[in-house]
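Asks: Number 301 in our numbering belongs to position 307 of the first sequence; there are no gaps in the numbering. Don't be surprised by glycine CBs; every beta carbon is placed ideally from N, CA and C. What follows is a single structure, and I will ask about it in a moment.
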Amino acid sequence: MLQSKLFGKTQKFSSREDISINEYFLQKAGFITKTAAGIYSFLPLGFRVLKKIEGVIRKEMEKIGGQEILMPALHPKEYWKKTGRWETMDDLYKLRVNNKEFALGPTHEEIVVPLAKNFIQTYKDLPLYLFQIQTKFRKEKRAKSGLLRQREFIMKDLYSFHENEKDLDVYYEIVKKSYFEIFKKIGIKNYTYLTYASGGSFSKYSHEFQVITKAGEDTIFICEKCKIAINKEIINETFACPICGNKNLKQEKAIEIGNIFKLKTKFSEPFQLYFTDKNGEKKLVQMGCYGIGLGRLMGTIVELFHDEAGILWPKIVAPFDVHLIPIGTQKNIDKTAKKLYDTLQKEKIEVLYDDRKNKSVGEILKDCDLIGIPIRIIVSEKTLKENSVELKERNKKVKKLIRISNLIKILKNLLIL
RNA sequence: CGGGGUGUAGUAUAACGGUUAUUAUACACCCUUGGGGUGGGUGCGAUCCGGGUUCAAUUCCCGGCACCCCGACCA
């Protein structure tokens, strides 16, 4: 990608308003723009990151048997009446068009259960795992903290259907593991705590995946020994670590980037989702649901990985692998850079080439730090004298001179994930 | 939804009640400069909406709307 053609620009000045870190950097660097409170557009840089995150999640979901589908965002009222949530869920966006009422989907149990009912008749149809990556709407009373609490956001939601609770329990653990695999790949596993939270009336606990950050809005209590946490909402009933009984818990602010929940028959019941078991008996299907908010995850990454100058993207979700920057006026600098640009692309290395003219060196380098692509490569008179380029990783101080002939090999090593 | 704050060019800002509405940056053109927002010139561009007070409102008052922060809420 040529930076001169890139839609969305970095901004030199940013609002003095006391906004969150993720919103500050993502807007300043040209990843997102705000349309209204809690409602954002993703520009090419931001959309690339979102797509990368989506890719990581999709791959893991497929690994645990998930089949991807796409359900509607517009939900006819009758589905929500059936579960009673038309009345009880107060962050439901409701609209009336030509005397027909709809909700904008904040979650999809009301859609996926009747959908599954069309095809589940026998135990042979089970288990079944359906997921989607799709836009959700929630009428948040107070949208805030950039991408951390949005009114419209993209979520991965997985729903599982089982013959019995035991099978649900087993799959629940599989998803739990899978989530940690996702967070490990993205590089935030060490910041993520499996957190015991309210399970509602039908399960002792649900589990949330909480990342410690000041911008977080949940309060959790951490057991350092077990590396788990307890959400404040249940701390009164559970005063100690549910695993080891430790009562010396550390209080932290955290943001929930995912959760997993045993629904059991909460939704199969109102929709009469039955199957016939081996003995010919009719039984309610057991269900689980499992969510990850992609935008929130993106915002959390920025909250975790930034410095004074800008963002430090983990390689796997960075908008590009390499930021290529020519410095100087000599003709062979541009020529070499252009050639490198072509070569890198041929090698399937994603590169943002800063071909902008009339930008001072300082400005170009500031932008580079701000955008936060993991690897910076500079071509200049200095480096060309050595038949080299300068390579610097965003999260490291050292600058290395690399012979152009070795560059691809070295890059490929650096980019192995 | 309660409390607090803020609304001026694309962005960031200035203006004890006195319109020619400041400055920087961005943008367009010209020159200059090229390893950390280079220097200079010319040009373009704004007071959230409605009411009130006043000779006069960006400024004061009321209402609305929007945004930010704190709290409550968050399957």
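Out of Q280, F269, I404 and T330, point me to the one whose CA is closest to K379's CA.
Replies: Looking at the Cα atoms, T330 is the closest of the given residues.
Asks: Within 10 angstroms of the Cβ of G78, are there 16 or more other Cβ atoms? Answer buried if so, exposed if not.
Replies: By the 10 Å Cβ count, G78 comes out exposed.
Asks: For a test of the three-state rule: what should DSSP assign to I224, helix, strand or coil?
Replies: Three-state result, I224: strand.
Asks: If you check the beta carbons only, do L188 and I228 fall under 7 Å apart?
Replies: Contact flag unset, no.
Asks: Three-state secondary structure (DSSP) at D301?
Replies: D301: strand per DSSP, three-state reduction.
Asks: So for P320, helix, strand or coil by DSSP?
Replies: DSSP places P320 in strand when its eight states are reduced to three.
Asks: Please report how far the alpha carbon of N225 lies from the alpha carbon of G322, in whole angstroms.
Replies: For N225 and G322, the distance between alpha carbons rounds to 55 Å.
Asks: Can you tell me the Cβ-Cβ gap for I249 and G210, rounded? I've got them flagged as a contact below 8 Å.
Replies: About 4 Å; that satisfies the 8 Å criterion.
Asks: Check this for me: beta carbons of K178 and I51, under 7 Å apart or not?
Replies: Going by C-beta atoms, K178 is not nearer than 7 Å to I51.
Asks: Using only CA atoms, which one of I214, M55 and E62 lies nearest to K171?
Replies: Closest option to K171, Cα to Cα, is M55.
Asks: Am I right that Q266 and H156 are in contact with their C-beta atoms under 8 Å? What's the rounded C-beta distance?
Replies: Contact doesn't hold; Cβ gap of about 17 Å is too wide.
Asks: Relative to the C-alpha of E246, which residue among K272, T207, Y165 and K277 is closest?
Replies: For the residues K272, T207, Y165 and K277, the minimum Cα distance to E246 belongs to T207.
Asks: Could you give the distance in angstroms between the alpha-carbon of I127 and the alpha-carbon of I148?
Replies: So the two alpha carbons sit approximately 7 Å from each other.
Asks: Could you give the DSSP three-state label for G49: helix, strand or coil?
Replies: Looking at G49 - three-state DSSP - the assignment turns out to be helix.
Asks: Grab me the residues of N240's own chain with a C-beta within less than 7 Å of its C-beta, minus the 5 sequence neighbours each way, in chain order.
Replies: So the list reads C217, K219 and A234, once near-sequence residues are dropped.
Asks: Express the C-alpha separation of T116 and F269 in angstroms, rounding to a whole number.
Replies: The straight-line gap from Cα to Cα measures roughly 5 Å.
Asks: Quickly, what does DSSP pair P70 with across the bridge? List them, please.
Replies: DSSP output for P70 lists F96 as bridge partner(s).
Asks: From S14 to E297, what does the alpha carbon distance come to, in whole angstroms?
Replies: So the two alpha carbons sit approximately 8 Å from each other.
Asks: Residue ranges of each alpha helix (DSSP H) run of no fewer than 4 residues wholly in the region 330 to 409, ordered along the chain?
Replies: With a minimum length of 4 residues, the continuous alpha helix (DSSP H) runs that stay inside the region 330 to 409 are 355 to 365, 375 to 379 and 401 to 409.
Asks: How would you write the range of the alpha helix (DSSP H) that A110 sits in, first residue to last?
Replies: Here the alpha helix (DSSP H) through A110 covers E103 to K111.
Asks: Can you tell me which residues form a DSSP beta bridge with R90?
Replies: Answer is E95.
Asks: Looking at C-beta atoms only, is the number of pairs between the region 108 to 123 and the region 81 to 99 that lie closer than 8 Å three or more?
Replies: Taking 8 Å as the limit for Cβ pairs, the verdict is that the region 81 to 99 does not touch the region 108 to 123.
Asks: Mapping DSSP to helix, strand and coil, what is Q(-3)?
Replies: DSSP places Q(-3) in helix when its eight states are reduced to three.
Asks: Helix, strand or coil for D212? Go by DSSP, reduced to three states.
Replies: If DSSP states are grouped into helix, strand and coil, D212 belongs with the strands.
Asks: Does the beta-carbon of F19 have 16 or more other beta-carbons within 10 angstroms, so that it is buried, or is it exposed?
Replies: By the 10 Å Cβ count, F19 comes out buried.
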